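Visitor: Chains H and A, in that order, are what the protein sequence lines are. Letter 149 of the first sequence, counting from 1, is numbered 1645 in my numbering, and no numbers are missing. Letter 68 of the second sequence, counting from 1, is numbered 75 in my numbering, and no numbers are missing. Quick reminder that beta carbons are idealized off the backbone N, C-alpha and C, glycines included. As the structure is a prediction and not an experimental result, all values here were calculated from the model. Submitted below is the structure of interest, expressed as structure tokens.
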Amino acid sequence: MRRIPFMREQSIVSQRARTRMGLSLLSDTDLILRVADGDSQALEELYSRYSQPVFSMAYSTLRDYALAEDVTQEVFVSLWTRASRFDPERGIFRHWFLHLAHNRVIDELRRRKRNALRSADKTPEEAALGLEAPGNTADQAVNAVLYSAAVRALGTLPAEQREAVMMAYLEGATQQEISKRTGVPLGTVKTRLRLGLIKLRQMMSQPAGEEA
Amino acid sequence: MSGEPLDAIEALLPAYALSALEEEDRDLVERALEHDPRYRELLADYLESAAQLASMHQPAVPPASLKSRIMDAHRPLAVSASVSETMAMLSRQHSRPKRTRTTFTIAAAAALVLAVLGLGSFSWMQHQQMQELRAEVGTLAADATEMEQRVLAQQALTYWVAQPDVQAIRIDPVANHAIPTAASAPVSAPRGLFMRSQERDDERVMVVMGMTPLPRHNSYQAWLWDTFGEAYSLGVFEVDDNGYALVSVDYPKNVARPFSLLSVSVEPVGGSVRPSGSTVLMGPVHIE
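Encoded structure:
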């Protein structure tokens, strides 16, 4: 008598597996449109594609496994609740989503810095010393993935552009903070970030070995 | 990305792509992006570069449990299969009133069609009458469906409670909660029951009554709390216009801890990672 529900469950599982196989063939854009319609299996498929890059971003920036886990969860919760905001005509899902994730990670990093300031009543400089050393975060990432195309491309940037891009992207520094820390005018920081990103894009669109 | 001078927004876009703007500037850019496709085009290039930077993070693997935590948080609570079957069975038993209502609806619809056919000319008065008839048929059909659902839900609950080995635990309202309400929501006393039956393969259901229907941007979310005070989402659910819901309860996967409490809170639509809104109901469950 107990076999009937068991067999029914088996049938449901295989149907679910077939659905997942079908979803794995869909593009990111198709999946996010389904998520916007409330399809949780499409969310599951996007999770399998993007959980590792998002978690890696969160962990290597925050250096806290439990916090990285929470932030990754919040990023996917945002994806579920904000899916309808993605407009395929405005850009590529991967770029939009990684920006969403990066925003969340950096917000968390800044929140921790603010809390550290409040709790210890330190100057910003003292508080920065008490956290993971910002320079180390970048160095660790660079050392760990020297092989990656992104790092190779970063290596080709002039030092001042590379410094500005990495302070912003890895350390969560605002352009004003970069200006203050490096002692260069805000306008110069803006230019360095812009030129850095343009050059990165050019470098990464070139085949390996054809670096300018 | 030409050599022409940049306007203020264009100059902020690279920092926006790198999440390096102060909140005020970020808002400024987002407002500009809404209205100017030229900025969106420029941003798309910068976002591409920023997305490439994501690959330079030290690879790390998220824990296997994270996926189920995320998926469980967004799985809508569903009426369990056996409850559906019960309701279907009860529906068959009570098919006569349904036929009566259906007959009435068909008759009303036929009257409407005849009324339409009988119109020799589409005068303003006739058009008005047709609209009123159509609205009346729609209202009657909706009332009939709602009444039928209420009766079936109540009977399914009665059927469940009548199971010989059912364990029913009361979930009590939490005092002083502030709940957002839908415009037309009646205010009443929320209450709930958590029921489990060993004979029915340890099936578990939760029934809630007297809940305030929530506005569109909120959902009710059910939680199980372990003995360490950690909350696990059971999923989100909605109540009908009468504040009633009967939902199946599946324990969170990959969690071996005993659970001590069940609660229901008001959360943003789609659910939250952890309870963040007002807790409406709470009761001890003692699940090993």
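Give a yes or no on whether 8 Å exceeds the smallest Cβ distance from P282/A to chain H.
Guide: Here the question's residue 282/A lines up with position 275 in the second sequence. P282/A does not count as touching chain H.
Visitor: Tell me whether the beta-carbon of E29/A lies closer than 8 Å to the beta-carbon of T1684/H.
Guide: Position 22 of the second sequence holds residue 29/A. Position 188 of the first sequence holds residue 1684/H. No, Cβ-Cβ distance for E29/A and T1684/H is not below 8 Å.
Visitor: State the start and end residues of the unbroken beta strand (DSSP E) segment that holds T286/A.
Guide: Locating residue 286/A in the second sequence gives position 279, where the first residue counts as 1. It spans 286-294 - the beta strand (DSSP E) in which T286/A sits, taken as one unbroken run.
Visitor: Let me know if V1638/H comes out buried or exposed under the rule of 16 or more other beta-carbons within 10 Å of its beta-carbon.
Guide: What you label residue 1638/H is simply residue 142 of the first sequence in a count that begins at 1. Summary for V1638/H: the model assigns pLDDT 38, below 50, so the residue's position carries little reliability; its value from the coordinates is reported in the next sentence. V1638/H is buried by the Cβ-count criterion.
Visitor: From A58/A, M213/A, P265/A, G145/A, pick the residue whose C-alpha is nearest to that of I178/A; which is it?
Guide: Walking along the second sequence from the start, residue 178/A turns up at place 171. Among A58/A, M213/A, P265/A, G145/A, the Cα nearest to that of I178/A belongs to M213/A.
Visitor: Anything in chain A within Cβ reach of E1656/H, meaning under 9 Å, just list it in chain order.
Guide: To locate residue 1656/H, count along the first sequence from 1; it is residue 160. Within 9 Å Cβ-Cβ: nothing; E1656/H doesn't reach chain A, min ~14 Å.
Visitor: Determine the closest residue to H1595/H out of K260/A, P291/A, D52/A, with distance taken between C-alpha atoms.
Guide: Counting from 1 along the first sequence, the entry for residue 1595/H is found at position 99. It is D52/A.
Visitor: For chain H, find out if any of its Cβ atoms is closer than 8 Å to the Cβ of G308/A; answer yes or no.
Guide: With chain A represented from 8 up to 295, any question about residue 308/A goes unanswered, as that position is not in the structure.
Visitor: Could you tell me which chain H residues have their CB closer than 7 Å to the CB of H2/A, listed as they occur along the chain?
Guide: Residue numbering for chain A in the displayed model covers 8 to 295; residue 2/A lies beyond these limits and cannot be assessed.
Visitor: Quick one: which residues of the stretch 1595-1611 of chain H get their C-beta closer than 7 Å to a C-beta of chain A? List them in chain order.
Guide: Result list: H1595, H1598, N1599, I1602.
Visitor: State buried or exposed for S26/A, treating a residue as buried only when at least 16 other CB atoms are found within 10 Å of its CB.
Guide: Residue 26/A sits at position 19 when you count from the first residue of the second sequence. With 16 or more other Cβ atoms within 10 Å, it is buried.
Visitor: Examine chain H for any beta-carbon lying closer than 8 Å to the beta-carbon of D52/A, and answer yes or no.
Guide: Indexing the second sequence from 1 puts residue 52/A at position 45. Closer than 8 Å: yes.
Visitor: When the Cα atoms are used, what is the spatial distance from Q1472/H to A22/A?
Guide: The displayed coordinates of chain H run from 1497 to 1708. Any statement about residue 1472/H would go beyond what the structure contains.
Visitor: For the structure I just gave you, are there three or more beta carbon pairs, one from the stretch 1546-1564 of chain H and one from the stretch 1585-1605 of chain H, closer than 8 Å?
Guide: Touching, yes, given that three or more Cβ pairs across the two stretches are closer than 8 Å.
Visitor: Taking 8 Å as the CB-CB cut-off, is L1519/H touching chain A?
Guide: The residue labelled residue 1519/H in the question sits at position 23 within the first sequence. No - not a single Cβ of chain A is within 8 Å of the one on L1519/H.
Visitor: From S267/A to T286/A, what does the alpha carbon distance come to, in whole angstroms?
Guide: Sequence index remark: in the second sequence, residue 267/A carries index 260 (1-based). Sequence index remark: in the second sequence, residue 286/A carries index 279 (1-based). Roughly 16 Å between the two C-alpha positions.
Visitor: Determine contact between the stretch 1557-1573 of chain H and the stretch 1522-1532 of chain H, defined as no fewer than three beta-carbon pairs at a distance below 8 Å.
Guide: Short answer: they don't touch.
Visitor: At a CB-CB cut-off below 8 Å, which residues of chain H make contact with R76/A?
Guide: Walking along the second sequence from the start, residue 76/A turns up at place 69. Q1569, listed in chain order.
Visitor: Do you know offhand how far Y251/A's Cα is from S226/A's?
Guide: As a first step, residue 251/A is located in the second sequence; it is residue number 244 there, counting from the start. As a first step, residue 226/A is located in the second sequence; it is residue number 219 there, counting from the start. Straight-line Cα distance between these residues: approximately 14 Å.
Visitor: Would you identify the three-state DSSP class for I1588/H, choosing helix, strand or coil?
Guide: Taking the first residue of the first sequence as position 1, residue 1588/H is located at position 92. Coil at I1588/H, not helix or strand.
Visitor: Among W230/A, Y239/A, P70/A, which one has its Cα closest to the Cα of S270/A?
Guide: Here residue 270/A corresponds to residue number 263 of the second sequence, with the count starting at 1. Here the closest residue by C-alpha is W230/A.
Visitor: With a threshold of 8 Å between beta carbons, is A15/A in contact with chain H?
Guide: Here residue 15/A is taken as the residue at index 8 of the second sequence, counted from 1. Chain H contact via Cβ: absent.
Visitor: Grouping DSSP H, G and I as helix and E and B as strand, with all else coil, what is R198/A?
Guide: In the second sequence, the residue the question calls residue 198/A occupies position 191. If DSSP states are grouped into helix, strand and coil, R198/A belongs with the strands.
Visitor: Closest by CA to R1608/H, which one among Q1657/H, L1693/H, R1581/H, T1557/H?
Guide: Walking along the first sequence from the start, residue 1608/H turns up at place 112. Out of Q1657/H, L1693/H, R1581/H, T1557/H, T1557/H has the C-alpha closest to the C-alpha of R1608/H.
Visitor: By the criterion of Cβ-Cβ separation under 9 Å, what are the contact partners of A39/A in chain H?
Guide: Indexing the second sequence from 1 puts residue 39/A at position 32. Neighbours of A39/A on chain H: none; closest Cβ ~13 Å, over 9 Å.
Visitor: Is it right to say E1540/H is buried, meaning 16 or more other beta carbons lie within 10 angstroms of its own, or is it exposed?
Guide: On the first sequence, residue 1540/H is found 44 positions in, with the first residue counted as 1. Counting Cβ neighbours within 10 Å, E1540/H comes out buried, since at least 16 surround it.
Visitor: Let me check understanding here. Comparing Cα to Cα, which of A175/A, E210/A, A67/A lies closest to G290/A?
Guide: As a working note, residue 290/A is residue 283 in the second sequence. Here the closest residue by C-alpha is A175/A.
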